[in-house]
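Encoded as structure tokens, the structure appears first; notes follow it.
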Amino acid sequence: MTLEVKDLHVVVKKTGEEILKGVNLTIPTGQVHAIMGPNGNGKSTLVSTIMGYPAYEATQGTVTFNGESVLDKPVNERAKMGLFLGMQYPSEIPGVKNADFLRAAVNATMPAGKTMPVLQFMQRLNSAMELLQMPDDITDRYLNVGFSGGEKKRNEVLQMLMLQPKLAILDEIDSGLDIDAMRIVAKGINHLRSPQFSALLITHYERLLKYVVPDQIHIMVDGQIVDNGGPELADELEKNGYAKYEHEAKGDQ
Amino acid sequence: MPTDLVSQIKAAAHNQPAWLQKKRQLAAQLAANFPDNAFEQAILDHWQSVDLTEADDGQGDCSTNDYVDLPLFTASAKYSELLQENLMEKAISWQDSRLNALHMALLNGGRFVYVPDGKVVKDPIELKVTCQQSNYHNLVIVGANAQVTIVEQQTGASPVPTFFGTELLLGDGAVVNYYQSNHFTAQNNWQATRAYQAADSQLNVYTAFFDGHDLYTDTFTSLDGDGSQADVKTVAISNGHQRSEVHTRIDNHGLHTNGMIQQNGVALDHGVLNFHAVGKIYHGSHQSNSNQESRLLTLNKASRGETDPVLLIEDNDVDAGHAASIGKVDADQLYYLQSRGLTLQQAQILLTKGFLLPVINKFPDSALRARTQKELLDRLEVAE
Ligand SMILES: Nc1ncnc2c1ncn2[C@@H]1O[C@H](COP(=O)(O)OP(=O)(O)OP(=O)(O)O)[C@@H](O)[C@H]1O
Ligand SMILES: [Mg+2]
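And the structure:
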């Protein structure tokens, strides 16, 4: 289940502004990768395009998962392929109980015509909530409504644990988390690590990558991947920042 | 109205009490004198040749020791005076509109429920009929300090537009919980539910407009007696090419009366759902309250809805307010739900439930609450 992004160009539909300018990225099965990069350089645009966010349009290039084309599929079909995006800004949905939503989502991603038995659902939910140290009443509340920043992030990870995707993309899952919560969230991600599971983490901080050690780190600047490296790349960035890359990007123009 | 119709009514009603025969004939004549209303007209167009057969709900006399529950025509003979005084006089007035007049004239039947003074009826009284004819009418009289729950679940089975009317007359201190969720077969139908309330009476109306055909609803209560209260909670859905005009009105006449309207509705597909709510506080109705809240959610571009809140306040010493909102479903919300594997339809269903359940959850009877929730799910499955 390898994700392959090739020469991906993406524009904002409304304005026509090009945000991604030829992204190349491969995440093989079983690996954890991270993307780092300065603000406003296209990280969220990349992962939102992979998930099918309607504001973006791919004008060139391909995205495949397990050899299957992703970009021509409706959003929900992408989830059924095993893709999961933990969002940077999860929506609040009043009136929809977290638990009802989780159940609907779990059933929606089961093979056609199948539903998960209630007992199995409850067991999975209980153990996931325990792992993430979430209070019981959080599933009785409306989805993300009034959740604190950290609770929202934890709730994204809860959904990931419930849906057990093949590829989890987590967009700044660590922002807004206190140190303990970061450790707990990392535990949630590591819990899924297996030869069949891959992950793509977007983060600004090396701290998360201390707990979830990635196989590779990619640097995105101005809509392109400009560097790749091992976990040590994060330490280097921590020291020197992105100046070197931004310089290069500017020099290109 | 053609004399032809009058003679048809004469023939059909010849077994009924003289006052009722006369009233129906007068109503037929009166009907000709009203101006047109588009929604009414669409119904009237189909009432040119009408079925005047008496509706048989197959239930006969359902009276108990505590209350009377009879077919309307049976009651019109047995409780002649009571019906003569009250049938389409105090709540749904037969002289109010062309449609009301014709409803009176073309009456096919209904139920008469009478709860005597002081009776507290434990089990809900169910108004259930599958009615093959167009004009079905319930008259419910609840005596002073009596208490009762009425559950109306009727089906209009006629392919010709159906007019369901229910009148609720509450005596001093009467307490009535009234639930309604009716269904229809014809393309366009009319639902009138009107109440008249004496002093200190309390009426709670819970209506679910979940039918899939065009519907004009006329829910109205008159807070006539001092200290009377009404609370109307409504949920509605319009989908396909359906059009629903939901009219709700509470008039405050008495001193320190209290009227509350809360309605939530969802329009999807090409559906149109309009909420019209009126609260009127008459001059002299001191220390009265009139509050209303209408919330609409349109789920896609083609669906439409309007809220039309009106407060008519003639008195100074009152508390009145309205809140209205029309929300479009947020594209990011849909995307979020779809990104977890839900189809667009499943996402819409979840959002619809989310929008209507908070009102349904205020229905006090847990069994009826569950039933309404179930009906909502059934309705949404049909939409699927
Ligand atoms: N829907 C949109 N409409 C207009 N501009 C957009 C839209 N989405 C993204 N952009 C622009 O595209 C650029 C990249 O945004 P993106 O959210 O991908 O950045 P990012 O790398 O995730 O940044 P951050 O680290 O701050 O999260 C920004 O300049 C942003 O303003
Ligand atoms: Mg971002």
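Quick note, the sequences are listed as chains A and B, same order.
Going by this note's numbering, the first sequence opens with residue 1, and the numbers climb by one from there.
Going by this note's numbering, the second sequence opens with residue 1, and the numbers climb by one from there.
Yeah, the Cβ is synthetic: ideal placement off N, Cα and C, and Gly gets one too.
Looking at the backbone, the Cα of Val129/B and that of Ser175/A are separated by about 60 Å.
Along the segment 38-54 of chain A, the positions whose C-beta sits under 8 Å from a C-beta of chain B are Met51, Gly52, Tyr53 and Pro54, read in chain order. In the three-state reduction of the DSSP assignment, Val157/A falls in the helix class, which pools H, G and I. For Lys153/A, the CB stays at least 7 Å from every heavy atom of ligand 2.
For Thr109/A, the closest Cβ of chain B is nearer than 8 Å. Per DSSP, the beta-bridge partners of Ile217/A are Ala34/A and Gly229/A.
Sequence-distant partners of Arg141/A (beyond 5 residues in either direction) whose C-beta falls short of 8 Å from its own C-beta, in its chain, are Lys97, Asn98 and Phe147.
Under the three-state reduction of DSSP output, Gly149/A falls in the helix class. Between the alpha carbons of Leu106/B and Val235/B lies a gap of roughly 30 Å. For Tyr335/B, the enclosing alpha helix (DSSP H) has its first and last residue at Ala331 to Gln338. No Cβ of chain B is located within less than 8 Å of the beta carbon of Leu158/A. Taking non-hydrogen atoms of ligand 2 into account, the C-beta of Gln147/B is found less than 7 Å away from none of them. Counting along the chain, Leu102/A sits inside the alpha helix (DSSP H) bounded by residues Asn98 to Ala108. Its chain contains Leu20, Gln21 and Arg24 as the residues whose beta carbon lies nearer than 7 Å to that of Ala13/B, once the 5 sequence neighbours on both sides are disregarded; these appear in chain order.
Between the beta-carbon of Asn177/B and that of Pro364/B there is about 7 Å, and that keeps the pair under the 8 Å contact cut. Annotation: the segment 123-158 of chain B contains the following complete segments of the beta strand (DSSP E) (minimum length 3 residues), in chain order: 125-131, 135-142 and 147-156. When His276/B, Lys280/B and Ile349/B are compared, the shortest CA-CA separation from Asp269/B is found for Ile349/B. Its Cα nearest to that of Gln95/B, the residue Asn33/B stands out among Asp226/B, Asn65/B and Asn33/B.
Taking 3 residues as the shortest admissible run, the segment 222-293 of chain B contains the following complete beta strand (DSSP E) segments, listed from N- to C-terminal end: 229-238, 243-252, 258-267 and 272-281.
Residue-level contact by beta carbon holds for Leu357/B and chain A, with a gap shorter than 8 Å. With distances taken between CA atoms, Ile141/B lies nearest to Lys119/B out of Gln287/B, Ala28/B, Gln154/B and Lys119/B. Chain order gives no chain A residues near Asp117/B, where near means a beta carbon separation below 7 Å; the closest approach is about 42 Å. In the DSSP assignment, Asn39/A falls outside any beta strand (DSSP E) and carries neither an H nor an E. When CB distances to chain B are screened at a threshold of 8 Å, the residues of the segment 141-175 of chain A falling below it are Tyr142, Gln159 and Leu163, in chain order. At a cut-off of 8 Å between beta-carbon atoms, Lys114/A makes no contact with chain B. DSSP, read as helix, strand or coil, puts Lys353/B in helix. The contact set of Ser69/A on chain B, defined by CB atoms closer than 9 Å, is empty, because the minimum CB distance reaches about 18 Å. Sixteen is the threshold: since fewer than 16 other Cβ atoms of the shown chains lie within 10 Å of the Cβ of Asp136/A, the residue is exposed. By the CB criterion at 8 Å, Ile202/A and Lys43/A fall inside the cutoff.
Taking 8 Å as the CB threshold, Gln346/B lines the interface with chain A. In the three-state DSSP reduction, Phe210/B falls in the coil class, being neither helix nor strand. No Cβ of chain B is located within less than 8 Å of the beta carbon of Lys187/A.
Under DSSP, Asn204/B shares a beta bridge with Asn177/B and Asp231/B.
In the structure shown, Trp94/B adopts coil according to DSSP, grouped into three states. Only Pro74, Val75, Asn76, Glu77, Arg78, Ala79, Lys80, Leu83, Phe84, Leu85, Met87, Tyr89, Pro90, Ser91 and Glu92 from the segment 71-92 of chain A bring a Cβ to less than 9 Å from some Cβ of chain B. Inclusion of Glu172/A in the 7 Å shell around ligand 2 follows from its C-beta lying nearer than that to a non-hydrogen atom of the ligand.
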